[in-house]
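**Q** In the UniProt record's numbering, the protein residues as written are 1 to 89. Mind looking over this structure? Questions follow.
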């Protein structure tokens, strides 16, 4: 089980790095918003895997909070773009 957890953590860490690159490089604001959503989803996955590894259920509460914050941030960005915010398209 430790090997599977380690492989999962490595794969999700690579996904975090790639999502961060997409946030920085861009090319447009909607792409960055999608990358931020992917970033928060991957962090939730990492927290979940860490909760399984340690056996501490409190980390799952933190994962739920992170997921809700990511969702609300995506909604905020979508509303901003819908109302005519600056776009790089």
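We put the beta carbon where it would ideally sit given N, CA and C, even for glycine.
Please state if the CB of residue 36 and the CB of residue 80 are separated by a distance shorter than 9 Å.
**A** Working through the chain shown from its first residue, we reach residue 80 at position 80. Working through the chain shown from its first residue, we reach residue 36 at position 36. Against a cut-off of 9 Å, the Cβ pair of residue 36 and residue 80 comes out as no contact.
**Q** What does the alpha-carbon distance come out to for the pair residue 12 and residue 42?
**A** Sequence index remark: in the chain shown, residue 12 carries index 12 (1-based). Sequence index remark: in the chain shown, residue 42 carries index 42 (1-based). So the two alpha carbons sit approximately 6 Å from each other.
**Q** When you compare the segment 45-53 with the segment 21-32, are there three or more beta-carbon pairs, one atom per stretch, that lie closer than 8 Å?
**A** These segments do not touch.
**Q** Just the Cα atoms here: how many angstroms apart are residue 62 and residue 75?
**A** Residue numbering aside, residue 62 sits at position 62 when the chain shown is read from its first letter. Residue numbering aside, residue 75 sits at position 75 when the chain shown is read from its first letter. Computed Cα separation, rounded: 20 Å.
**Q** Have a look at residue 20 and residue 29 and give me their C-alpha separation to the nearest angstrom.
**A** For this step, residue 20 is matched to residue 20 along the chain shown. For this step, residue 29 is matched to residue 29 along the chain shown. Each residue's Cα considered, the two are about 14 Å apart.
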